[in-house]
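Accompanying notes for the structure given below.
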Amino acid sequence: EKEKNKASTTKKETTPPAPSTQEETTGGGHDGIKVSVWFPIHSIALFEAGVICVESPSFLPAAVFFGVSWIMMTIMHSRSNYPSPWHRCKTVGEITSVILLGHNRQGPETIRPYEGAREAAEFDAVDHAKTERIVSFLTAFKTAALKYKSDYYKTDAEALAIETEVKEWNMFESYLYYVHLGLSYMCIYMRGLRNVIVWKSSSYSYILTVTFFLLGLACALLPMDIVMKWLGRALVWTLLGPWMKLVDIFCIQSYYRTRSELKANPNIEELEVDEMFKGEKYQLLAKSVRIAAEDAIKLKQMRECRFGAYSARVLPFDDSRFPSEPLPESTAEPYRSRSKKREDRDRDEDKSLEWTFIPGQRLRGSMIPVAEDLLGSNAAI
25 EKEKNKASTT
35 KKETTPPAPS
45 TQEETTGGGH
55 DGIKVSVWFP
65 IHSIALFEAG
75 VICVESPSFL
85 PAAVFFGVSW
95 IMMTIMHSRS
105 NYPSPWHRCK
115 TVGEITSVIL
125 LGHNRQGPET
135 IRPYEGAREA
145 AEFDAVDHAK
155 TERIVSFLTA
165 FKTAALKYKS
175 DYYKTDAEAL
185 AIETEVKEWN
195 MFESYLYYVH
205 LGLSYMCIYM
215 RGLRNVIVWK
225 SSSYSYILTV
235 TFFLLGLACA
245 LLPMDIVMKW
255 LGRALVWTLL
265 GPWMKLVDIF
275 CIQSYYRTRS
285 ELKANPNIEE
295 LEVDEMFKGE
305 KYQLLAKSVR
315 IAAEDAIKLK
325 QMRECRFGAY
335 SARVLPFDDS
345 RFPSEPLPES
355 TAEPYRSRSK
365 KREDRDRDED
375 KSLEWTFIPG
385 QRLRGSMIPV
395 AEDLLGSNAA
405 I
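Now the structure itself:
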């Protein structure tokens with residue numbers, strides 16, 4: 025019995041690890057030649073699921089649930105085949121065996137000192153290179169987006185001319201700026217959407233209501249099952265077919281290297297985002313940006329000279345957290361029209377109800393900005 029257990033233990037230690045579900049490992053002869061054939065099982069599964077959902081839309085909920093399960097199983101397979109046994113996770117089969125039988129059918133595992141340490145280091149180096157590749161791509165994208173945003177903001181002469189800059193010190197500004205920026209935009213859009221839904225912004229609420237009514241009418245008259253089926257066919261057969269390999273070869277392979285290439289050279293080359301800003305078209309845009317910035321600064325100084333140092337921009341829609349509403353004791357009554365004859369207006373008991381035109385604060389002009397109502401008589405300015 026001891027010899028049997030010893031033979032079993034020796035056989036367990038010398039058994040090669042199971043191959044991945046995405047490769048087939050074969051060996052031939054006494055040379056121990058190992059050939060790995062990678063098969064795009066995830067791409068095929070996604071393609072087949074897309075085709076089935078397009079042809080049978082009723083399968084869509086099941087495909088969503090199967091997709092989540094597929095993702096979890098893929099992550100489990102990757103973690104359970106980690107080179108170092110100390111970092112592996114329990115598989116579905118092992119957990120099911122413990123639940124049904126009360127013990128693991130594979131038995132306890134023997135781990136030797138430094139077992140899989142070198143392979144784990146190489147595996148981590150490749151994963152680190154992949155992470156650097158993603159971070160490099162996101163950094164380049166963020167840099168280009170921020171540069172475009174900074175240049176585009178200078179073209180908004182109205183915003184630069186109206187807003188009053190308030191500079192305050194904040195110890196967390198350099199760390200939480202992007203978080204605060206995204207949160208502020210999210211709050212603005214959520215408040216605007218709330219005000220549209222509850223008809224606080226009546227014009228946008230009306231547009232939304234009419235638009236959805238017309239879309240509903242169009243969907244009721246058109247055969248949407250055929251439209252959605254052919255639209256889905258076009259998307260699936262265009263974006264998920266085997267010809268996407270050509271896109272990988274001609275568009276992605278130059279930057280997105282394979283695992284063997286990353287293992288040979290884990291250094292990641294950063295994207296050259298500055299090249300896109302050196303073209304003639306962008307130089308003309310930069311020139312117009314500088315001119316717009318100069319006009320905006322001049323317009324802002326003219327506003328401060330005429331209307332005061334403090335100003336705020338009034339948005340076309342209400343995005344406030346607490347929309348302004350009149351108090352219960354507030355009153356309102358219409359002004360009397362100036363189109364009435366003078367003798368009719370003289371007979372009015374209360375002449376304070378006459379309306380008068382108050383010019384706005386919108387300035388127009390290139391050299392010397394003037395009020396908008398005076399621009400017609402001073403076109404030369």
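If you count by my numbering, then the sequence shown holds residues 25 to 405, one letter each, in order. Even glycine gets a Cβ: it sits at the ideal position worked out from N, Cα and C. As the structure is a prediction and not an experimental result, all values here were calculated from the model.
Measuring straight from C-alpha to C-alpha, what distance separates residue i and residue j?
i: leucine 339; j: isoleucine 231; result: 18 Å
i: arginine 314; j: alanine 320; result: 10 Å
i: serine 229; j: isoleucine 212; result: 17 Å
i: glutamine 406; j: glutamate 299; result: A query on residue 406 cannot be resolved here, the shown segment of the chain reaching from 25 to 405 and no further.
i: glutamine 325; j: isoleucine 392; result: 11 Å
i: isoleucine 158; j: alanine 242; result: 43 Å
i: cysteine 329; j: isoleucine 221; result: 40 Å
i: aspartate 355; j: serine 335; result: Looking at the sequence itself, residue 355 is threonine, so the reference to aspartate does not match. Looking at the two C-alpha atoms, the distance is approximately 28 Å.
i: alanine 69; j: isoleucine 76; result: 10 Å
i: alanine 333; j: lysine 302; result: 38 Å
i: arginine 147; j: arginine 112; result: The residue asked about is misnamed: residue 147 is phenylalanine in this sequence, not arginine. Each residue's Cα considered, the two are about 13 Å apart.
i: methionine 252; j: leucine 245; result: 14 Å
i: leucine 255; j: glycine 117; result: 40 Å
i: histidine 127; j: arginine 281; result: 43 Å
i: valine 394; j: alanine 316; result: 17 Å
i: proline 109; j: serine 93; result: 24 Å
i: serine 312; j: isoleucine 99; result: 50 Å
Taking residue i as part of the alpha helix (DSSP H), name the residues at either end of that continuous run.
i: phenylalanine 301; result: Here phenylalanine 301 belongs to no alpha helix (DSSP H), and DSSP marks it neither H nor E.
i: proline 85; result: 84 to 104
i: glutamate 285; result: 283 to 288
i: leucine 339; result: Careful: leucine 339 lies outside any alpha helix (DSSP H) and carries neither H nor E.
i: methionine 268; result: 268 to 271
i: valine 116; result: 116 to 125
i: threonine 71; result: Looking at the sequence provided, one finds phenylalanine at residue 71 rather than threonine. First-last of the alpha helix (DSSP H) with phenylalanine 71: 65 to 79.
Where does residue i sit, in a helix, a strand or coil, going by DSSP?
i: serine 401; result: Low per-residue confidence applies at serine 401: pLDDT is 48, beneath 50, and the placement is therefore not dependable enough to give any value.
i: tryptophan 261; result: helix
i: leucine 333; result: In the sequence on display, residue 333 carries alanine and not leucine. Reduced to three states, the DSSP call for alanine 333 is coil.
i: tryptophan 254; result: helix
i: arginine 345; result: coil
i: alanine 356; result: coil
i: arginine 386; result: coil
i: valine 222; result: coil
Tell me whether the beta-carbon of residue i lies closer than 9 Å to the beta-carbon of residue j.
i: serine 225; j: phenylalanine 341; result: yes
i: glycine 74; j: valine 260; result: yes
i: valine 88; j: lysine 287; result: no
i: arginine 337; j: leucine 387; result: no
i: aspartate 249; j: proline 81; result: yes
i: histidine 152; j: proline 247; result: no
i: glycine 265; j: phenylalanine 63; result: no
i: valine 61; j: threonine 167; result: no
Am I right that residue i and residue j are in contact with their C-beta atoms under 8 Å? What's the rounded C-beta distance?
i: aspartate 343; j: glycine 216; result: 5 Å
i: glycine 140; j: proline 107; result: 4 Å
i: glutamate 294; j: serine 160; result: 5 Å
i: isoleucine 292; j: glutamate 156; result: 5 Å
i: glutamine 277; j: phenylalanine 331; result: With a Cβ gap of about 59 Å, glutamine 277 and phenylalanine 331 do not count as contacting.
Check whether the Cβ of residue i sits closer than 8 Å to any heavy atom of the ligand ATP, and report yes or no.
i: alanine 395; result: Although the ligand ATP was asked about, the structure shown includes no ligands whatsoever.
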